[in-house]
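The structure appears right after this line, and notes come after that.
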DNA sequence: TATTTTATTGACAATGTGTTATTTAATCAA
DNA sequence: TTGATTAAATAACACATTGTCAATAAAATA
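Protein chains in written order, with the numbering used here: chain W, 164 to 357; chain G, 164 to 357.
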């Protein structure tokens with residue numbers, strides 16, 4: 164699977180680099196395949212040899228850096244319940260920090276709708292799995308798990324985009340602290356005292 | 164300001180109707196000005212007599228229905244603190260219900276990035292104002308107000324889009340109940356016991 | 001009814017898309 | 001290192017969409 168022609172790797176890397184560069188300079192919507200190809204120093208027809216569209220190129224790039232994050236998280240979290248593990252959240256904000264320009268582009272003012280949607284959906288699925296794992300077969304919560312998961316995902320998404328958009332006003336550790344405080348900190352959220 | 168030529172009102176209404184129709188049939192990105200004009204039974208050049216772009220037409224339509232919501236909320240809420248007022252949240256979900264197709268289009272799988280961003284930003288501002296009003300000059304909260312506001316806004320946004328995307332699985336009252344439970348229900352959120 | 005405003009029509013250049021056939025160049029395996 | 005294979009460059013193509021414009025027809029208002 165990794166036995167690709169050196170030229171292919173080169174071209175794809177150049178195209179990815181070009182997109183990641185351009186996306187920090189102008190809204191994603193305004194970027195043309197011609198521009199990406201020019202910046203990558205590759206013929207436009209060559210682009211179509213590798214990707215069917217701009218979206219496909221972006222999707223692959225996002226998938227790659229997303230995989231990095233998942234590995235980071237899995238490496239750090241050791242089966243702790245989510246409300247005890249600071250590391251999930253911290254890894255997230257360090258990840259955002261590392262790919263700052265890219266996330267600013269896809270989550271910010273000229274954000275990419277389907278990417279926002281996908282990210283929110285992904286976090287929701289992730290949180291739902293965590294919640295099911297750790298709530299397990301305890302008494303059914305007052306609030307349905309899918310809604311609980313979506314609530315947490317919404318908060319994560321919102322704080323993440325806020326942080327990126329406002330030029331990282333707090334360090335990742337602090338943001339992680341806020342996030343856990345808000346979503347799990349009070350402890351009663353999962354089984355409300357009402 | 165409301166003294167517009169009858170033809171102008173007619174044309175703009177037709178264009179708005181056409182867009183709202185089309186947006187339920189295909190992704191917003193895929194809709195052309197030609198299509199909107201055809202559906203509105205108006206010449207394409209006429210479109211440009213009223214709007215500079217597709218986005219401008221959408222923006223105006225959203226602003227109009229958004230104003231409806233604000234009026235609804237203000238009419239119902241009587242200075243109650245946000246965590247006591249069920250009506251804010253309920254008005255929101257009834258509003259989503261009323262303009263279901265439109266919100267499905269702008270918040271869903273093929274959502275419109277800048278609209279999502281704007282909505283989240285708007286809710287954040289709204290929540291921040293509410294929080295400042297009602298927390299007032301009490302002791303400074305552990306979590307900065309902008310972050311608190313963004314957290315609540317994120318939850319509202321996430322539950323709203325989830326509800327629309329999943330074809331309104333609960334009635335508006337129930338969703339409002341969940342939302343208030345999650346964001347204000349436990350009461351300790353504003354001044355965590357930690 | 002006369003005047004003003006709006007809408008229609010058909011055309012235009014400009015830009016971007018997606019594809020193709022041909023030529024040139026790089027890579028890989030023997 | 002050579003020869004076969006694969007990829008990239010090039011130039012051209014039809015097509016769609018955009019934004020604009022001038023001339024004409026139609027409608028509304030005073």
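Where is the CB? At the ideal position from N, CA and C, for every residue including glycine.
Taking only beta-carbon positions, decide if residue i is within less than 9 Å of chain W.
i, result
"residue 307 of chain G", "yes"
"residue 318 of chain G", "yes"
"residue 344 of chain G", "yes"
"residue 314 of chain G", "yes"
"residue 358 of chain G", "Only positions 164 to 357 of chain G appear in this structure, which leaves residue 358 of chain G out of reach."
"residue 234 of chain G", "no"
"residue 255 of chain G", "no"
"residue 352 of chain G", "Low confidence applies here, because residue 352 of chain G scores a pLDDT of 30, under 50, leaving its location unreliable; read the following figure in that light. So, interface residue."
"residue 311 of chain G", "yes"
Identify, in the order they occur along the chain, each residue of the same chain with its Cβ nearer than 8 Å to the Cβ of residue i, setting aside the five sequence neighbours on each side.
i, result
"residue 318 of chain G", "342, 345, 346"
"residue 327 of chain W", "259, 263, 266, 267, 270, 271"
Does the CB of residue i have a neighbour CB from chain G at under 9 Å?
i, result
"residue 280 of chain W", "yes"
"residue 321 of chain W", "yes"
"residue 324 of chain W", "yes"
"residue 220 of chain W", "no"
"residue 288 of chain W", "no"
"residue 293 of chain W", "no"
"residue 210 of chain W", "no"
"residue 357 of chain W", "For residue 357 of chain W, the predicted structure reports a pLDDT of 29, less than 50, and the residue's modelled location is therefore unreliable. A value from the coordinates is still provided. Chain G contact via Cβ: present."
"residue 283 of chain W", "yes"
In chain order, what residues of the same chain lie with their CB nearer than 7 Å to the CB of residue i, ignoring the 5 residues before and after it?
i, result
"residue 175 of chain W", "213"
"residue 177 of chain G", "203, 204, 205"
"residue 196 of chain G", "207, 210, 217"
"residue 340 of chain W", "none"
"residue 291 of chain W", "308, 309, 312"
"residue 170 of chain G", "none"
For residue i, I'd like the list of residues in its chain whose CB is within less than 6 Å of its CB, leaving aside the five on either flank, ordered along the chain.
i, result
"residue 257 of chain W", "335"
"residue 350 of chain W", "Confidence at residue 350 of chain W is low in this model, with a pLDDT of 36, below 50, so its placement is unreliable and the value that follows should be read with caution. Result list for residue 350 of chain W: empty, nothing under 6 Å."
"residue 338 of chain G", "256, 326"
"residue 194 of chain G", "185"
"residue 261 of chain W", "none"
"residue 232 of chain G", "258"
"residue 356 of chain G", "The pLDDT assigned to residue 356 of chain G is 32, lower than 50, so where the model puts this residue is not dependable; a value taken from the coordinates is nonetheless given after this. Cβ neighbours of residue 356 of chain G beyond the five flanking positions: none."
"residue 190 of chain W", "273"
So residue i and residue j are in contact, right, with Cβ under 8 Å, and what is the actual spacing, rounded?
i, j, result
"residue 274 of chain G", "residue 279 of chain W", "7 Å"
"residue 266 of chain W", "residue 259 of chain W", "5 Å"
"residue 236 of chain W", "residue 251 of chain W", "6 Å"
"residue 306 of chain W", "residue 295 of chain W", "The pair is not a contact, with the Cβ atoms about 14 Å apart (cut-off 8 Å)."
"residue 321 of chain G", "residue 320 of chain W", "7 Å"
"residue 240 of chain G", "residue 248 of chain G", "5 Å"
"residue 276 of chain W", "residue 276 of chain G", "4 Å"
Report yes if the C-beta of residue i is less than 8 Å from at least one heavy atom of the ligand ATP; otherwise report no.
i, result
"residue 218 of chain G", "This structure simply doesn't include the ligand ATP, nor any ligand for that matter."
Open item on the list: Across the stretch 195-214 of chain W and the stretch 172-185 of chain W, are there enough close Cβ pairs to call them in contact, namely three or more that are closer than 8 Å?
Closed with: The stretch 195-214 of chain W is in contact with the stretch 172-185 of chain W.
TODO: Closer than 9 Å, Cβ to Cβ, to anything on chain W: give me those residues from the stretch 257-276 of chain G, in chain order.
DONE: Here the close residues are 269, 270, 271, 272, 273, 274, 275, 276.
- [ ] Decide yes or no for the touch test of the stretch 309-318 of chain W against the stretch 284-297 of chain W: beta carbon pairs closer than 8 Å, at least 3 of them.
- [x] As far as the Cβ criterion goes, the stretch 309-318 of chain W touches the stretch 284-297 of chain W, which means the pair count is three or higher.
Task: Residues of the stretch 175-201 of chain W whose Cβ lies closer than 7 Å to any Cβ of chain G, in chain order - done: Correct list: empty, as no residue qualifies.
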